[in-house]
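See structure below.
Protein chains: 2
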Amino acid sequence: MSAGPGTPTRHAAGAGSIVAAVEERLTGFFETRRTLVEPLGPVFVDAARALEDFVIRGGKRTRPSFAWTGWLGAGRSPEDPEADAVLTACSALELVQACALVHDDIIDSSRTRRGFPTVHVDFEERHRNLRWAGDSGHYGTSVAILIGDLALAWADDMTRDAGLPADAAARFAPVWAAMRTEVLGGQLLDIHGESAGDETVAAALRINRYKTAAYTIERPLHMGAALAGADPQLIAAYREFGTDIGIAFQLRDDLLGVFGDPAITGKPSGDDLREGKRTVLIAEALQRADIIDPDAATLIRTSLGTDITPARVSELRAVLTELGAVDAVEQRITRLTEQALTALDASTTTPDAKRRLRSMALAATARAY
Amino acid sequence: MSAGPGTPTRHAAGAGSIVAAVEERLTGFFETRRTLVEPLGPVFVDAARALEDFVIRGGKRTRPSFAWTGWLGAGRSPEDPEADAVLTACSALELVQACALVHDDIIDSSRTRRGFPTVHVDFEERHRNLRWAGDSGHYGTSVAILIGDLALAWADDMTRDAGLPADAAARFAPVWAAMRTEVLGGQLLDIHGESAGDETVAAALRINRYKTAAYTIERPLHMGAALAGADPQLIAAYREFGTDIGIAFQLRDDLLGVFGDPAITGKPSGDDLREGKRTVLIAEALQRADIIDPDAATLIRTSLGTDITPARVSELRAVLTELGAVDAVEQRITRLTEQALTALDASTTTPDAKRRLRSMALAATARAY
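Protein chains in written order, with my numbering: chain A, 1 to 369; chain B, 1 to 369.
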């Protein structure tokens with residue numbers, strides 16, 4: 001699971017301050033959990049600390065930023081009496097994300113994230129170093145399952161404790177519910193598709209829709225709008241913008257996963273090919289290759305998910321380009337971005353929020369390799 | 001993780017009807033999720049169905065029964081205008097329990113529960129039968145992690161949608177938070193203690209306190225009291241009663257796990273010994289054996305967690321009894337039960353609820369082998 005598109009601190013006034021504000025809220029929330037955690041003793045304190053470290057050190061606070069911008073864009077202001085509660089509720093999205101990442105790293109057998117061992121690997125190593133009984137890997141997985149659960153439960157606690165007025169809380173609840181159900185459903189479709197070998201463009205797009213777009217942009221914006229009591233037209237415009245930009249962002253991420261500069265992506269070149277990710281890019285390529293170039297189709301199918309050499313990565317890049325899959329994905333990104341910006345421009349979003357969302361959209365989808 | 005003490009349908013008037021009422025609420029809640037689940041397609045519909053089947057077919061609805069009885073015992077009535085919302089909020093405890101069981105079955109590598117394959121085994125078998133790509137076991141675990149997450153998220157959704165008045169919802173939130181944090185912490189202490197080989201009675205009692213007592217009885221009663229707006233004295237009495245009976249219940253369960261009749265417990269005789277559970281019973285035995293009978297200590301340590309024969313089970317039973325560990329645990333159960341009933345009797349709980357809680361307490365802790 002991707003950490004999400006970058007918050008374009010250079011372009012969006014206040015983006016830096018929202019990141020700091022979210023982190024301050026998260027730190028404050030962890031402070032409130034100590035009275036619940038400490039009575040259970042040092043072992044649980046350590047585990048809660050591992051979760052806190054994970055949440056505090058990580059990420060661009062993409063989802064809270066979209067939610068907060070969605071709230072502002074519906075005509076609210078940081079001086080609004082509800083602003084404080086809204087910012088806390090938006091920040092809780094980072095705890096949902098912590099659960100998603102910790103559990104996804106188990107599912108993907110990922111060993112590192114953001115330059116640190118993943119949570120399950122961290123506890124696996126503690127087990128091994130202390131020469132405890134039993135299987136270190138299973139212990140690490142078990143602890144990480146529980147730490148992810150804790151993050152999910154705490155996400156809810158944080159929104160309940162935010163101090164939202166009853167009417168705002170009532171409007172918030174169904175969006176919060178949809179967001180969590182959709183991201184879990186999207187992850188499920190993803191692992192199912194990988195195992196069942198569903199190679200269609202439609203399947204890959206559906207996973208993008210729920211695992212990335214709804215979760216990362218559409219629902220956070222919707223959440224901000226719901227908290228603000230926005231009218232249905234603005235909510236519809238946000239959702240259209242968020243879905244399109246969210247899918248476009250994932251398509252860009254897919255291209256970066258194959259063609260990206262390791263210095264920019266932070267991942268080894270061609271890593272997505274070695275992981276065997278079933279992206280729209282791959283689906284587009286296979287769809288074309290099955291018709292016009294069966295040898296290329298075989299090359300892709302036998303290489304994906306294997307430990308391929310740099311030379312094979314180069315060869316696959318050339319094949320994906322020659323098949324027209326790269327162009328097709330670029331065209332999708334362009335079309336989705338244009339649609340999204342049209343919906344945004346036509347909406348009643350405040351001019352400030354329009355500027356900020358436009359710049360976030362372009363940063364999330366821009367060619368960067 | 002145990003399913004919880006039995007609801008004594010023979011003794012407690014209305015216990016049968018609460019079980020049916022909880023199941024009706026759960027079924028109704030799953031109905032409301034369909035509009036969220038169906039847009040993601042048949043794969044997610046299947047997974048949500050697996051969760052629904054798991055929740056609907058299972059269990060004695062112990063936690064909702066305690067919560068509901070706690071609410072009634074604070075002077076409320078089933079005719080109260082808030083009764084409907086309270087019953088729904090109490091029923092949501094079954095979804096927390098579904099998450100706990102599904103994830104615990106992964107952690108314990110359990111293959112069956114309630115006569116059915118566990119969720120991770122169910123999806124492992126689907127994967128294998130369809131001859132999909134990748135490791136079937138890892139696929140099953142991955143799907144079960146997500147299904148458990150879904151249960152935890154849906155537990156929250158169910159309480160938010162219950163229709164609680166704002167003041168009741170505000171009183172409910174911190175108890176709901178404590179309950180979830182404590183059960184996750186208790187599970188963490190459990191797997192840590194098993195790996196780290198913590199053999200002390202204190203460690204085993206602490207796990208009982210949080211993993212079983214707080215989660216199963218203390219906090220559900222507290223939740224009912226909080227929803228009712230009960231005074232601090234009644235809340236304190238409930239919590240004292242719930243903690244003591246909850247620990248006593250787990251101690252009884254530990255004895256049954258070694259001495260229980262398979263026809264009653266539904267588990268092979270001596271199963272807890274084969275699983276290597278670090279119970280208070282074992283801790284009491286080891287504490288004694290280390291002083292008075294080193295050979296017995298070695299026998300226990302080398303047998304626990306291994307695939308021992310029925311003859312070795314009999315031998316261990318005799319050793320645990322001769323060491324006085326069984327008597328010590330029986331005495332703890334008696335003392336805790338007496339303390340609990342004294343607290344209950346002295347409380348302002350309604351006479352009806354006192355009768356029902358007394359009978360639930362005795363059913364949960366009675367010698368049954």
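Positions of the beta carbon are idealized from the N, C-alpha and C atoms, including for glycine.
- A83(B) and S77(B) have their C-alpha atoms roughly 7 Å apart.
- In this structure, V313(A) sits near S269(A), with a CB-CB distance shorter than 8 Å.
- Secondary-structure assignment with DSSP links R113(A) through a beta bridge to F116(A).
- L251(B) and T200(B) have their C-alpha atoms roughly 15 Å apart.
- Residues of chain B whose Cβ lies closer than 8 Å to the Cβ of V37(A) are, in chain order, T181 and G185.
- Neighbours of Y210(A) across chain B, judged by C-beta separation under 9 Å: P39, L40 and F44.
- Any Cβ of chain A closer than 8 Å to the Cβ of S359(B) would place that residue at the interface, and such an atom is absent.
- At a cut-off of 8 Å between C-beta atoms, D156(B) counts as an interface residue with respect to chain A.
- In the three-state reduction of the DSSP assignment, P310(A) falls in the helix class.
- The beta carbon of R160(A) sits closer than 8 Å to some beta carbon of chain B.
- When rounded, the separation of the alpha-carbon atoms in V319(B) and T216(A) is 59 Å.
- Exclusion of the five residues before and after Q287(B) leaves V201 as the residues of its chain whose Cβ lies within less than 7 Å of its Cβ.
- Comparing alpha carbon positions, the residue from D295(A), Y139(A) and R278(A) closest to G193(A) is R278(A).
- Here T35(A) carries a helix assignment [DSSP, helix/strand/coil].
- At a cut-off of 8 Å between beta carbons, S142(A) contacts chain B.
- Measuring C-alpha to C-alpha distances from G197(B) to each of I282(B), D80(B) and H222(B) identifies I282(B) as the nearest.
- In the DSSP assignment, S142(B) falls within the alpha helix (DSSP H) that extends over S136 to R160.
- With respect to chain A, the C-beta atom of Y139(B) has a partner C-beta closer than 8 Å.
- Relative to R33(A), the option among T302(A), V45(A), H103(A) and I191(A) whose CA is nearest is V45(A).
- If the five residues before and after A162(A) are omitted, its C-beta is found closer than 8 Å to the C-beta atoms of A85, V86, T88, A89 and A92, all from its own chain and listed in chain order.
- Against A177(A), the close residues of chain B are R33, L36, A153, W154, D156, D157, R160 and D161, in the order they occur along the chain (beta-carbon pairs closer than 9 Å).
- Looking at the backbone, the Cα of A50(B) and that of K354(A) are separated by about 43 Å.
- Take the alpha-carbon of I191(B) and the one of I147(A): they are about 13 Å apart.
- In terms of Cβ geometry, L357(A) and T349(A) form a close pair [threshold 8 Å].
- Within its own chain, the residues whose Cβ lies closer than 6 Å to the Cβ of V22(A), once the five positions on either side in sequence are excluded, are R61, P64 and S91, listed in chain order.
- Restricted to the stretch 241-329 of chain B, the alpha helix (DSSP H) segments that are unbroken, complete and at least 4 residues in length are 262-265, 271-275, 280-292, 294-303 and 310-322, listed in chain order.
- Closer than 8 Å at the C-beta level to chain A, one finds these residues of the stretch 76-108 of chain B: C99, H103, I106 and I107.
- Of all C-beta pairs linking the stretch 234-245 of chain A to the stretch 254-267 of chain A, fewer than three are shorter than 8 Å, placing the two stretches out of contact.
- With respect to the 8 Å criterion, S142(A) and I107(B) are classified as neighbours on the basis of their beta carbons.
- Excluding the 5 residues flanking it on each side, T159(B) has same chain C-beta neighbours closer than 6 Å at A89 and A92, in chain order.
- Looking from the CA of R57(A), the closest CA among G137(A), G115(A) and A364(A) belongs to G115(A).
- In this structure, V183(B) keeps its C-beta atom at 8 Å or more from the C-beta atom of M223(B).
- Taking C-alpha positions only, A173(A) is separated from L221(A) by approximately 14 Å.
- E330(A) and R206(A) have their C-alpha atoms some 18 Å from each other.
- F30(A) and V119(A) have their C-alpha atoms some 18 Å from each other.
- Listed along chain A, the residues sitting closer than 8 Å to A173(B) by beta-carbon distance are D157, R160 and D161.
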